[in-house]
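Student: Below are the structure tokens for one structure; questions will follow.
There are 2 protein chains.
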Amino acid sequence: MEQISHLERMERAYLSEGLPMTTQRRALIEVLASRKDHPTVDEIFSKLSRRIPEVSRTTVYRSLEMFTELGLIKRVEHPDAAARFDPNVSEHHHFLCTNCGGLSDLPAGALRGVRRLAYVGKGKHTAEEISVLVRGSCDDCSA
Amino acid sequence: MEQISHLERMERAYLSEGLPMTTQRRALIEVLASRKDHPTVDEIFSKLSRRIPEVSRTTVYRSLEMFTELGLIKRVEHPDAAARFDPNVSEHHHFLCTNCGGLSDLPAGALRGVRRLAYVGKGKHTAEEISVLVRGSCDDCSA
DNA sequence: GCTATAGATGCAAAGTGTTTGCAACTGAAA
DNA sequence: TTTCAGTTGCAAACACTTTGCATCTATAGC
Numbered sequence: 004m005e006q007i008s009h010l011e012r013m014e015r016a017y018l019s020e021g022l023p024m025t026t027q028r029r030a031l032i033e034v035l036a037s038r039k040d041h042p043t044v045d046e047i048f049s050k051l052s053r054r055i056p057e058v059s060r061t062t063v064y065r066s067l068e069m070f071t072e073l074g075l076i077k078r079v080e081h082p083d084a085a086a087r088f089d090p091n092v093s094e095h096h097h098f099l100c101t102n103c104g105g106l107s108d109l110p111a112g113a114l115r116g117v118r119r120l121a122y123v124g125k126g127k128h129t130a131e132e133i134s135v136l137v138r139g140s141c142d143d144c145s146a
Numbered sequence: 004m005e006q007i008s009h010l011e012r013m014e015r016a017y018l019s020e021g022l023p024m025t026t027q028r029r030a031l032i033e034v035l036a037s038r039k040d041h042p043t044v045d046e047i048f049s050k051l052s053r054r055i056p057e058v059s060r061t062t063v064y065r066s067l068e069m070f071t072e073l074g075l076i077k078r079v080e081h082p083d084a085a086a087r088f089d090p091n092v093s094e095h096h097h098f099l100c101t102n103c104g105g106l107s108d109l110p111a112g113a114l115r116g117v118r119r120l121a122y123v124g125k126g127k128h129t130a131e132e133i134s135v136l137v138r139g140s141c142d143d144c145s146a
């Protein structure tokens with residue numbers, strides 16, 4: 004199963020850092036690995052609370068920060084005030100609905116010419132990543 | 004002068020909406036038109052305060068919101084908590100330094116292949132805008 | 001110019017999302 | 001089992017933004 008391998012990949016990457024695997028972090032990794040969207044801290048916290056009722060928001064914030072540093076997840080920019088995290092760290096681009104605020108991955112083939120896109124650095128600039136954001140109206144909002 | 008025409012363009016666009024031009028808004032438009040970077044609300048407020056000491060942050064927030072709705076400026080996404088505004092509403096792309104957090108416009112020609120970039124909508128998706136963000140290390144931080 | 005009024009302003013308070021200090025706790029290695 | 005770096009939960013502090021409200025002001029009509 005795809006999902007299990009993603010979960011295992013995250014767990015191993017975490018453990019390989021020599022950090023202790025607590026109950027909270029294991030559950031958090033499971034929650035993250037099970038999602039293909041871009042949950043807010045609050046959504047993640049809610050889901051985690053169902054399993055570990057005493058868990059605190061602080062732990063969620065701190066763990067997400069840690070996971071982001073380790074490259075297990077990515078923080079994605081969103082016009083909403085709240086931070087969102089993306090469990091998919093491979094290169095991909097996003098679609099943002101300007102109506103409902105929904106943020107989704109661009110399906111393969113949705114962006115023509117993206118492979119040719121390249122940053123031509125002048126001076127000492129270094130480019131690490133190029134990300135594309137398409138703004139528009141999603142299926143639901145256009146209907 | 005380029006700067007004056009940008010200023011006039013903003014003023015006229017604002018007045019053409021039939022909204023009253025207050026002292027605060029005129030000064031705010033002048034501050035915005037004078038910048039080519041992406042100031043935070045706080046930076047804008049500070050600059051405005053020098054001219055109008057009694058001005059309140061609330062007014063700055065409300066006016067920036069209004070200007071954004073009118074399309075005079077654009078809000079740009081930035082990982083920092085604070086909102087940033089871009090007085091340049093023409094299509095252009097951004098460079099974000101992952102080290103110092105500096106956000107700048109990509110100079111012309113810095114992005115190869117961007118003209119071919121197109122969104123191939125499936126279903127009812129509509130694309131209004133495609134924006135590219137290059138992350139990396141800026142000149143200062145790479146030095 | 002004077003008046004009426006939609007819209008703008010400033011203040012204080014409330015809201016929302018996030019971070020921090022700290023004492024208690026826990027996973028993993030010895 | 002002991003040890004300790006690292007983690008946790010709580011409460012409080014923070015940073016940024018929004019809101020309610022009474023007052024004020026730019027503009028249009030007289």
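Protein sequence lines, in the order shown, are assigned to chains V and H.
4 is the number of the first residue of the first sequence in the working numbering; add one for each residue after it.
4 is the number of the first residue of the second sequence in the working numbering; add one for each residue after it.
No residue lacks a Cβ here, since even glycine has one placed at the ideal position from N, Cα and C.
Report yes or no: is there a C-beta of chain V within less than 8 Å of the C-beta of Asp-40 (chain H)?
Tutor: No, its Cβ sits nowhere closer than 8 Å to a Cβ of chain V.
Student: Taking the alpha-carbon positions, what's the Ser-19 (chain H) to Arg-12 (chain H) distance?
Tutor: 11 Å
Student: Indicate whether His-96 (chain V) and Leu-114 (chain V) have their beta-carbon atoms separated by less than 8 Å.
Tutor: It is a contact, given that the beta carbons lie within the stated cut-off.
Student: Name the chain H residues whose beta carbon is nearer than 9 Å to that of Arg-138 (chain V)?
Tutor: Ala-130, Glu-131, Glu-132, Ile-133 and Ser-134
Student: For a test of the three-state rule: what should DSSP assign to Gln-6 (chain V), helix, strand or coil?
Tutor: Its pLDDT being 47, under 50, Gln-6 (chain V) is placed unreliably in this model, and the value from its coordinates should be taken loosely. Helix.
Student: Can you name, in chain order, every residue of its own chain whose Cβ lies under 8 Å from the Cβ of Ile-55 (chain H), other than the five neighbours on each side?
Tutor: Thr-26, Gln-27 and Ala-30
Student: On the three-state DSSP scale, how would you describe Ser-52 (chain V)?
Tutor: helix
Student: To which residues of the same chain is His-9 (chain V) closer than 6 Å at the C-beta, ignoring the five residues directly before and after it?
Tutor: Hits under 6 Å: Ala-36.
Student: Could you tell me whether the Cβ of Glu-80 (chain H) comes closer than 8 Å to any Cβ of chain V?
Tutor: yes
Student: Would Leu-73 (chain V) pass as an interface residue toward chain H - the criterion being a Cβ-Cβ separation below 8 Å?
Tutor: no
Student: Alpha carbon to alpha carbon, how far is Ser-93 (chain V) from Glu-33 (chain H)?
Tutor: 43 Å
Student: Since Pro-42 (chain V) contacts Arg-78 (chain V) with CB under 8 Å, what's their CB separation in whole angstroms?
Tutor: Taking C-beta atoms under 8 Å as the contact rule, Pro-42 (chain V) and Arg-78 (chain V) fail to qualify, at a distance of about 12 Å.
Student: Is Gly-116 (chain V) close to chain H, meaning its C-beta is less than 8 Å from at least one C-beta of that chain?
Tutor: yes
Student: Jot down the residue ranges of each uninterrupted beta strand (DSSP E) in the segment 16-45 of chain V, minimum 3 residues, whole runs only, in chain order.
Tutor: none
Student: Within the 8 Å Cβ cut-off, does Ser-145 (chain H) reach chain V?
Tutor: yes
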